[in-house]
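Residue numbering for the sequence shown follows the working numbering, starting at 13 and increasing by one per position. These notes concern the structure reproduced below.
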Amino acid sequence: MNISRQIVVELQYLPAAAYMALLCSGVGILMEQHEHYTKGSYRNRCQVAGANGPLRLSIPLVKGKHQQQPIRDVRIAYHEPWQAQHWQSIKSGYGSAPYFIHYAEFLHPYYIKRCEFLFDFNWELLQTVISLLRLPVTLQLTDTYQPAYTKSDILDMREAVHPTAVLPTAPPYPQVFTERYGFLPHLSVVDLLFCLGPTTLPYLQKLGNLMLDHPR
């Protein structure tokens with residue numbers, strides 16, 4: 013079910029399935045670009061499947077008062093080989109997934125080239141994932157920061173998908189480590205990309221209905 017409103021969200025790193033479901037639920041997506049960075053969110057981290065269970069991947073940031081920085085000014089740190097580590101984790105976790113061979117080559121370049129700003133990195137990566145999955149999503153950047161949206165044609169879903177948020181029960185689908193751990197809900201979109209591939213959209217539409225009906 014698509015609602016006849018735009019949905020505003022913050023930009024995340026390889027977002028969770030619930031976030032991607034929201035992107036598929038509105039007539040358009042407003043991406044917040046005028047907020048200030050918030051620690052402890054998915055803006056610079058995601059969760060993927062690993063041989064030992066869910067694995068958190070975090071992008072290191074240049075030290076500073078990120079809480080007071082505009083999101084577009086937050087810089088990525090390269091004092092440690094996080095790109096190689098993230099890609100190795102993704103490759104190890106999903107190398108045997110049915111669609112890894114089809115999509116890996118399109119994501120790998122993001123773990124080789126260097127991008128200065130976190131927002132730019134996440135923005136380019138998200139657009140690539142949307143294109144690979146052929147999702148009917150139209151992205152637009154916000155013009156100004158609004159603490160709250162009062163217009164009836166805009167649904168504010170910023171922070172709806174957060175590490176501390178209680179999310180609806182996600183419908184299960186075949187995953188790489190299902191036999192070992194059972195179904196692992198709300199992993200990064202790469203889990204959907206490599207496990208469901210071109211059949212991801214119907215799943216996200218179903219999950220989107222659950223997200224819109226779920227109380228916050």
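Think of the CB as a built atom: it goes at the ideal place given N, C-alpha and C, for glycine as much as any other residue. Owing to the predicted nature of the structure, the values given are computational and were not obtained by experimental measurement.
Count the other C-beta atoms from every protein chain shown that fall within 10 angstroms of the C-beta of residue i, then say buried if there are 16 or more, exposed otherwise.
| i | result |
| --- | --- |
| S164 | exposed |
| H198 | buried |
| A109 | buried |
| D132 | exposed |
| S37 | buried |
| D155 | exposed |
| V178 | exposed |
Can you tell me which of the options puts its alpha carbon nearest to the alpha carbon of residue i?
| i | options | result |
| --- | --- | --- |
| R84 | E22, Q217, L196 | E22 |
| P183 | M43, L119, Y215 | Y215 |
| G65 | L137, Q187, I113, L213 | Q187 |
| E44 | H91, E191, L219, Q18 | Q18 |
| K125 | L137, L73, H114 | L137 |
| L151 | V39, I15, Y25 | V39 |
| Q95 | V86, H120, A172, Q81 | H120 |
| Y130 | G220, E171, T50 | Just to set this straight, residue 130 is Leu in the shown sequence, not Tyr. Nearest C-alpha to L130: T50. |
| R87 | R228, V74, G62 | V74 |
Whole-angstrom Cβ separation of residue i and residue j, contact assumed at under 8 angstroms?
| i | j | result |
| --- | --- | --- |
| P180 | L222 | 4 angstroms |
| Y185 | L208 | 6 angstroms |
| I71 | N56 | 4 angstroms |
| H98 | L69 | 5 angstroms |
| F112 | F206 | 5 angstroms |
| L224 | T212 | Going by Cβ atoms, the distance from L224 to T212 rounds to 18 angstroms, so no, they are not a contact pair. |
In this structure, how does DSSP classify residue i when only helix, strand and coil are distinguished?
| i | result |
| --- | --- |
| G194 | coil |
| F129 | strand |
| P48 | Per the sequence shown, the amino acid found at residue 48 is His instead of Pro. Of the three classes helix, strand and coil, the one that applies to H48 here is strand, per DSSP. |
| T17 | It is worth fixing the name first, because residue 17 is Arg in this sequence and not Thr. R17: coil per DSSP, three-state reduction. |
| L69 | strand |
| V60 | strand |
| S104 | helix |
| C113 | Here residue 113 is Ile; the residue named in the question, Cys, does not match the sequence. It is helical. |
| D155 | coil |
Three CB pairs or more closer than 8 angstroms across the segment 188-208 and the segment 23-35: The segment 188-208 and the segment 23-35 touch, with no fewer than 3 CB-CB distances between them shorter than 8 angstroms.
I want to know whether the segment 165-172 touches the segment 140-154 - three or more CB-CB distances under 8 angstroms. Output reads no: the segment 140-154 does not touch the segment 165-172.
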